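Numbering (our numbering), first residue to last: 739 to 996.
C-beta: ideal position from N, C-alpha, C; glycine also.
All values derive from a computational prediction rather than experimental measurement.
Taking it in order: structure first as C-alpha cells, then the write-up.
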C-alpha cells in the first residue's frame, strides 16, 4: 500500500474518532513516526501534505533531516508520474514551509545539545536536568523549543517518564526556563488490546493535565495514542497522535541507538 493511501486511512480514522466524541478533527495533529524509515519515506509523506515527523534517536534524526533537505533540492518527477501523489516536494515546501521535527525517544545527557540545536519539539522530557540542558543549549536565533513532559502513566519500572505525583513540580520549574516552552504531557501506556483499558490510561493523563490547569499550570497538548489505540486516545482528549506503522508499514531491521 502506498504511503498516500496509508495516510488517508489514518486521517480518516482520526476524523471518525473525533466525530464519535463530538470533537473537531482539526484539534488533533498526526505525528508521522519516521524512526528507522529512510529519508525517501519522509519526502513521500510530505508530498501527501504531512508536515510533522517523529524520531527516537538523535543521530538518526539529524542525518535524516539533512538527507530530506537534500532530496527536496533535487527536481522530482511530476505527481502524475509518481503514482498520483498530490503535490511535489517543492510545492509542499513552498506552501507549508520545512518539515517539523519532533524528538520522541529517551534523552541521554550527552545528546541534549544535538536535540536542542536541531529539533522543533521534544516529547520526552522526564527530569529537570534534561530540561535545563535543553534550555541552555537551544540556540538564541531559534524559536523556543516546544516540550512535553513524559509521564509514566502505567507505573512500569522499565519505562521512562515522571511519576504522576511529581509532574506538577517539574512543570513549574520548566515554566521558568527561558529557551523552552512547556506545551503538555506525553505518555506511552502499557500496551493493551482492550479499548476500555486503553481509555483508562489515556484518561489518567488527561485528568493529570486538568489537575495541573486547576493548579494554575495551563497546558494545551496531550501527546498520546499510536497505531493500535489512536481511537481511545482521541476519545480521551489527545491533541497529537504518534503514528508509525499505520503510515509507513512494518519497520525495517532495528538500527543501533545513537
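Close Cβ partners of residue i (< 7 Å) along its chain, the five nearest in sequence each way excluded
{"i": "residue 844", "result": "862 and 898"}
{"i": "residue 800", "result": "852 and 856"}
{"i": "residue 767", "result": "790, 977 and 978"}
{"i": "residue 873", "result": "915, 916, 917 and 918"}
{"i": "residue 777", "result": "802, 805, 806 and 809"}
{"i": "residue 858", "result": "838, 839, 840 and 884"}
{"i": "residue 901", "result": "890"}
{"i": "residue 748", "result": "768, 981, 984 and 985"}
{"i": "residue 908", "result": "866, 887 and 900"}
Residue i, buried or exposed, once every other Cβ within 10 Å from all chains shown has been counted against 16
{"i": "residue 927", "result": "buried"}
{"i": "residue 837", "result": "buried"}
{"i": "residue 757", "result": "exposed"}
{"i": "residue 976", "result": "buried"}
{"i": "residue 885", "result": "buried"}
{"i": "residue 881", "result": "exposed"}
{"i": "residue 850", "result": "buried"}
{"i": "residue 934", "result": "exposed"}
{"i": "residue 958", "result": "exposed"}
{"i": "residue 788", "result": "buried"}
{"i": "residue 746", "result": "exposed"}
{"i": "residue 847", "result": "exposed"}
{"i": "residue 989", "result": "exposed"}
{"i": "residue 944", "result": "buried"}
{"i": "residue 939", "result": "buried"}
{"i": "residue 980", "result": "buried"}
{"i": "residue 754", "result": "exposed"}
Cβ-Cβ separation, residue j to residue i (assumed contact under 8 Å), whole Å
{"i": "residue 889", "j": "residue 946", "result": "7 Å"}
{"i": "residue 852", "j": "residue 796", "result": "5 Å"}
{"i": "residue 923", "j": "residue 913", "result": "No, residue 923 and residue 913 are not in contact; Cβ-Cβ is about 14 Å, not under 8 Å."}
{"i": "residue 798", "j": "residue 839", "result": "About 12 Å separates the two Cβ atoms, so there is no contact after all."}
{"i": "residue 759", "j": "residue 925", "result": "Their Cβ separation, rounded to whole angstroms, is 19 Å, which puts residue 759 and residue 925 out of contact at 8 Å."}
{"i": "residue 962", "j": "residue 949", "result": "With 8 Å as the limit, residue 962 and residue 949 do not qualify as a contact, their Cβ atoms being about 16 Å apart."}
Cβ neighbours of residue i in the same chain (closer than 8 Å, five flanking residues each side left out)
{"i": "residue 877", "result": "854 and 855"}
{"i": "residue 762", "result": "756"}
{"i": "residue 741", "result": "779, 782, 783, 786, 985 and 986"}
{"i": "residue 894", "result": "928"}
{"i": "residue 905", "result": "887, 889, 923, 946 and 950"}
{"i": "residue 822", "result": "Residue placement at residue 822 is flagged as unreliable, the pLDDT there being 39, under the threshold of 50; the coordinate-derived value follows with that caveat. Within the same chain, residue 822 has close Cβ partners 742."}
{"i": "residue 910", "result": "955"}
Sequence-distant residues of the same chain with beta carbon closer than 6 Å to residue i, five excluded per side
{"i": "residue 930", "result": "936"}
{"i": "residue 871", "result": "850"}
{"i": "residue 773", "result": "793 and 794"}
{"i": "residue 752", "result": "763 and 766"}
{"i": "residue 819", "result": "Bear in mind that the predicted position of residue 819 carries a pLDDT of just 35, short of 50, making it unreliable; the figure below should be weighed with that in mind. Hits under 6 Å: none found."}
{"i": "residue 811", "result": "none"}
Residue i CB to nearest heavy atom of the ligand ATP below 7 Å
{"i": "residue 808", "result": "The ligand ATP is absent from the structure shown, which contains no ligand whatsoever."}
| request: Would you list, in sequence order, the uninterrupted beta strand (DSSP E) runs of no fewer than 3 residues that lie entirely inside the segment 896–953? | output: If only complete runs of 3 or more residues are kept, the segment 896–953 shows the beta strand (DSSP E) at 918–924, in order along the chain.
| said: Count Cβ pairs between the segment 967–974 and the segment 865–874 that sit closer than 8 Å; are there 3 or more? | reply: The segment 865–874 and the segment 967–974 do not touch, with fewer than three beta-carbon pairs separated by less than 8 Å.
| At least three beta-carbon pairs within less than 8 Å, the segment 942–958 to the segment 979–990 | The count of Cβ pairs closer than 8 Å, one atom from the segment 942–958 and one from the segment 979–990, stays below three, leaving the stretches out of contact.
| task | Would you mind listing the beta strand (DSSP E) stretches within the segment 848–875 that are 3+ residues and don't spill past its ends, in chain order? | result | Those beta strand (DSSP E) runs which fall completely within the segment 848–875 and span 3+ residues are 859–863.
| Enumerated in chain order, which unbroken segments of the alpha helix (DSSP H) with a length of 4 residues or greater are wholly contained in the segment 767–802? | Those alpha helix (DSSP H) runs which fall completely within the segment 767–802 and span 4+ residues are 777–785.
| request: Run through the segment 949–985 for me and flag every whole alpha helix (DSSP H) of 4 or more residues, listed as ranges in chain order. | output: For the segment 949–985, whole alpha helix (DSSP H) runs of length 4 or above, ordered along the chain, are 968–973.
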